[in-house]
Each structure stands twice: as C-alpha cells, then as structure tokens.
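Trainee: When you read off a place in the sequence shown, starting at 1, and then add 12, the result is the number in our numbering.
Note that beta-carbon positions come from the ideal geometry of N, C-alpha and C, so glycine has one too.
All values derive from a computational prediction rather than experimental measurement.
Sharing a structure with you now.
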Amino acid sequence: MLTLSEAVARDSQSGKLSCDLLAQGQTLYGKNIDFPDYLERITPDGKKSLGHWRNGEFQQVISLL
13 MLTLSEAVAR DSQSGKLSCD LLAQGQTLYG KNIDFPDYLE RITPDGKKSL GHWRNGEFQQ
73 VISLL
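Structural data, given as structure tokens:
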C-alpha cells in the first residue's frame, strides 16, 4: 500500500497522473493559482476553462484554450 501511495504522489507531482487520466478520457477539475476564485476544468481534448459548480454541474465562465 505504501509503495502505491508513493507512486501516486510521484506521478501526481510530475504531471504524469494528469496526462494518464486525460488520455483515458477523464475530465479533471482543480485549482488555478492565477484565478483563485474559479475552479479549473481540463477536458480530454486539452481545453481548459474556468467556472463554478452550480446545481451539480460545472458552469463555465471563462475559456482558456
């Protein structure tokens, strides 16, 4: 278990985990340090947008790509 958690931490810090998840068709959500009032969404096609969760859905406010 410890080996797995170390691998996940290492891949997360290097960006490999995000790349692998996007390649699998996952949409990622997280913080953007340049826009702290928004949630950042990255879709499998590489598009980034900023927005908020409203009524259980992501509401895009700004498209970054």
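1. Quick check on this structure: which residue in G42, K43, A19, T55 has the alpha carbon closest to the alpha carbon of A35?
2. Is it the case that the Cβ atoms of I74 and L62 are separated by a distance below 7 Å?
3. For H64 versus Q72, is the C-beta distance shorter than 7 Å?
4. Quick check on the DSSP output: the beta strand (DSSP E) that includes K59 runs from which residue to which?
5. Could you spell out where the beta strand (DSSP E) holding L33 opens and where it closes?
Mentor: Quick look at the numbers:
1. The count along the sequence shown starts at 1 and reaches residue 35 at position 23. For the set G42, K43, A19, T55, the Cα lying nearest the Cα of A35 is the one of T55.
2. Within the sequence shown, numbered from 1, the residue matching residue 74 stands at position 62. Within the sequence shown, numbered from 1, the residue matching residue 62 stands at position 50. Note that the C-beta distance between I74 and L62 is below 7 Å.
3. Residue numbering aside, residue 64 sits at position 52 when the sequence shown is read from its first letter. Residue numbering aside, residue 72 sits at position 60 when the sequence shown is read from its first letter. Cβ distance not < 7 Å, so H64 and Q72 don't count as in contact.
4. Within the sequence shown, residue 59 is the residue found at index 47, counting from 1. K59 -> no beta strand (DSSP E), and no H or E assigned at all.
5. Here residue 33 refers to the residue found at position 21 of the sequence shown. Run containing L33: none in the beta strand (DSSP E); it sits in the alpha helix (DSSP H), 28–35.
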